[in-house]
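What follows is a single structure, written as structure tokens, with notes after it.
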Amino acid sequence: MRPRLGIIAATAALALTGCSGGSGDPQPETTRGAGTASASAQKAESGPDGFADEAKDIVDSFSDDELAGSLIIGTWSGADTQTGVNLVEDNHLGGVIVMADNLPENPTPDEVEGVTKAIDGARSERQPVSIGVDQEGGPVSRLSTAALPFPPLMALSAAHDPELTQVATKVQGQNLAELGFTIDFAPVADVTTGEKDVTINVRSAGDDHQEAAEVVAQAATGYQLGGVAGSAKHFPGHGRLHDDSHTTLPVSQKSIRELEDTDLLPFKSAVQAGIPMVMMGHIGLPEAETTPATLNGKAYEALRDTLDFDGVIITDALNMEAVDQSQDGGETVKALAAGADLALMPPDSAAAQRAVVAAMDSGELERPDLEEKAQRVVAMQLATAQKQKTMGSAGDSEDPQEVLTDVAEKSLTVLKGQCSYKGTDSISIVGGSEKEKSELTKAAKDAGLEVGSGGTSVSLSPDTSAEVAVGTAAPWTMRDTPAKAAVTAYDSNPDALKAVAKWLKGDLSASGDLPVEYDGSDKAPDCS
């Protein structure tokens, strides 16, 4: 892979010195905006460690029912928000995750805020309720039209601008906090293997472990500064596995110890940056091929010991097929017994809460151990709540639209041809989905291009012949395009396609750098 300009040279040494989630020096801080305070100052003022005593007092007052529920992040089906409210209230849940089917189609920000405010109203007087969302950007964007349209992490990596990565994720975190969320299950810390990686691919920062570690560290810091608790996922790394844990159990051929200098580097750098939460993946390991890491005590021990992480460990969604779905809450008991602090999305949250109470009664789970878990969870919740209360007082100066434009333009990557296109005044668009064609048409017209049946032919599909090909997903999807010139925007959001239109007009030199190698990637010019 070509040298990546703009990546901080100290990544490797920094990533290899993991420290606890509540202490240690963060990644180098940037000064792009007036509101960007140092991560170390942020942690000192409102990190989970600062709320340990208050969290202990709260947890000490929990009944068994409350203690059991506090360790569960539940989910519900359908767009009836009251169902979610009842789920939290009836089962004393520590929180919920809001999925796309909990919202109207093409939701507005006001509609999303209505959901989060209702859930927040279900909180107890003592414990805040966590309201989480899978809003990575790109293909994993559960909030659709209600949130700012961010690309996947690979686009931020292609921009090879650490400062921009931190600022962009800060803006994304602020947007989610304004919508009422306290947790974003991001960033993805997996290192992809490229086109064989069917699950992670563009969600990853790339295929270079050290460079991915730098991007993940900046993203982890950005989310903290934005006011949401991030979660590095999916430990010990899903990107090299070629099975989808939503439907089966992928198995790693390497142990966690063997992954320490490769796949674990982004997780280490996230911990170094002070990320409050790490997500355990549904991954089989050597000598435990049939047991997902989410239920494997040795995996949790390795995460604690290898990363020296004392923050919150959350499972990946327990309603995925990598986990036996017939346990009536037993999967949650097993996860907590193995070492999880939070059980995410049990198949039946009410059954899970009852099963945890029963396990305490039988001695399968010990109350003191669950109290320690709950203290970590509540401390994180209190710290996040405090951060959100004080947000806006620092004179933040980032303009979200300027940041989105900057990301789109700096990440645009040439796959074939020249870094600067010769320029055209008119285009015809072929291939691709109707939505993509409509978005590119609008972007082109806004850029001053005529769009019709003549002019330069532009294809949004590798299977359609044209003079120029435009990719809106993983770069290798355009590998076989017959076009002489090709770029990838990694996403089809409006800002990404505006950058494409600007490049087509000849007003933008694409400077993105491919974060992944694949068969044919050597044809891409070095435009960085």
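Be aware that the sequence shown starts at 48, since it is given in the numbering used here, and climbs by one per residue.
Just so it is clear, CB atoms sit at the ideal spot from N, CA and C, and this is done for glycine as well.
{"Query": "Answer with buried or exposed for glycine 286, where buried requires no fewer than 16 other C-beta atoms within 10 angstroms of its C-beta.", "Result": "buried"}
{"Query": "Alpha carbon to alpha carbon, how far is alanine 491 from leucine 459? Give it in angstroms, no decimals.", "Result": "16 Å"}
{"Query": "Whose CA, out of Glu486, Thr431, Val298, lies closest to the CA of serine 278?", "Result": "Thr431"}
{"Query": "Rounded to the nearest angstrom, what separates asparagine 153 and alanine 194 at their Cα positions?", "Result": "10 Å"}
{"Query": "Can you list, in chain order, the residues of its chain whose CB lies under 8 Å from that of histidine 289, leaving out five sequence neighbours each side?", "Result": "Thr240, Lys243, Asp244, Val245, Pro297"}
{"Query": "So, phenylalanine 228 versus glutamine 433, is the Cβ gap smaller than 9 Å?", "Result": "no"}
{"Query": "Ordered along the chain, which non-local residues of its own chain (more than five positions away) have a Cβ less than 8 Å from that of valine 581?", "Result": "Because the chain here runs from 48 to 575, residue 581 falls outside it and cannot be looked at."}
{"Query": "To which residues of the same chain is valine 380 closer than 7 Å at the C-beta, ignoring the five residues directly before and after it?", "Result": "Ala402, Val403, Ala406, Glu411, Leu412"}
{"Query": "Pick out the complete beta strand (DSSP E) segments inside the segment 321 to 380, 3 residues or longer, and give them in chain order.", "Result": "324 to 327, 359 to 362"}
{"Query": "Please return the same chain residues whose Cβ sits closer than 8 Å to the Cβ of alanine 126, not counting the five positions on each side in sequence.", "Result": "Asp148, Asn149, Leu150, Pro151"}
{"Query": "Just reading off the alpha helix (DSSP H) that serine 506 is part of, what are its end residues?", "Result": "First-last for serine 506: 503 to 506, but that is the beta strand (DSSP E), not the alpha helix (DSSP H)."}
{"Query": "Assign lysine 570 to one of two classes, buried (16 or more other C-beta atoms within 10 Å of its C-beta) or exposed (fewer than that).", "Result": "exposed"}
{"Query": "Restricting to runs no shorter than 3 residues, where is the beta strand (DSSP E) found entirely within the segment 253 to 317?", "Result": "276 to 282"}
{"Query": "Hey, could you find the ends of the alpha helix (DSSP H) isoleucine 105 is sitting in?", "Result": "99 to 107"}
{"Query": "Where glycine 464 and alanine 533 are concerned, what is the direct C-alpha to C-alpha distance, given to the nearest angstrom?", "Result": "7 Å"}
{"Query": "Taking Cβ positions, are leucine 190 and valine 249 nearer each other than 9 Å?", "Result": "no"}
{"Query": "For proline 339, does the count of other Cβ atoms within 10 angstroms reach 16, so buried, or fall short, so exposed?", "Result": "buried"}
{"Query": "Decide if the segment 512 to 530 is in contact with the segment 556 to 571; the criterion is three or more beta carbon pairs, one per stretch, under 8 Å apart.", "Result": "yes"}
{"Query": "For glutamine 89 and tyrosine 468, I'd like the C-alpha separation in whole angstroms.", "Result": "In this prediction, glutamine 89 has a pLDDT of 43, which is less than 50 and means its spatial position is unreliable; what the coordinates show is noted afterwards. Glutamine 89 and tyrosine 468: Cα-Cα distance of roughly 44 Å."}
{"Query": "Between the C-alpha atoms of valine 187 and alanine 202, what's the straight-line distance to the nearest angstrom?", "Result": "14 Å"}
{"Query": "What are the start and end residues of each continuous beta strand (DSSP E) run of 3 or more residues lying completely inside the segment 374 to 450, in chain order?", "Result": "none"}
{"Query": "Glycine 321 and alanine 267: beta carbons closer than 9 Å?", "Result": "yes"}
{"Query": "Using three-state DSSP, classify valine 135 as helix, strand or coil.", "Result": "helix"}
{"Query": "Use the C-beta contact count for glutamate 336: other C-beta atoms within 10 angstroms, 16 or more gives buried, fewer gives exposed.", "Result": "exposed"}
{"Query": "Which residues does DSSP list as the beta-bridge partners of aspartate 231?", "Result": "Val180, Gly277"}
{"Query": "What is the DSSP secondary structure of leucine 203, reduced to helix, strand or coil?", "Result": "helix"}
{"Query": "What are the boundary residues of the beta strand (DSSP E) that includes glycine 121?", "Result": "119 to 121"}
{"Query": "Please report the distance separating the alpha-carbon of serine 316 from that of threonine 471.", "Result": "44 Å"}
{"Query": "Considering only C-alpha positions, which residue in the set Cys574, Pro572, Gly559 is nearest to serine 204?", "Result": "Gly559"}
{"Query": "Taking its Cβ as the centre, do 16 or more other Cβ atoms sit within 10 Å of glutamine 435, making it buried, or is it exposed?", "Result": "buried"}
{"Query": "In whole angstroms, give me the CA-to-CA distance for valine 424 and leucine 118.", "Result": "8 Å"}
{"Query": "Under a three-way DSSP split, which group does leucine 190 fall into?", "Result": "coil"}
{"Query": "Pull up the DSSP beta-bridge partners for lysine 463, would you.", "Result": "Ala533"}
{"Query": "Starting from alanine 516 and walking both ways along the beta strand (DSSP E), at which residues does that stretch end?", "Result": "515 to 518"}
{"Query": "How long is the line joining the alpha carbons of glutamate 160 and glutamate 225, rounded to whole angstroms?", "Result": "8 Å"}
{"Query": "So, using beta-carbon positions, are threonine 341 and valine 238 closer together than 9 Å?", "Result": "no"}
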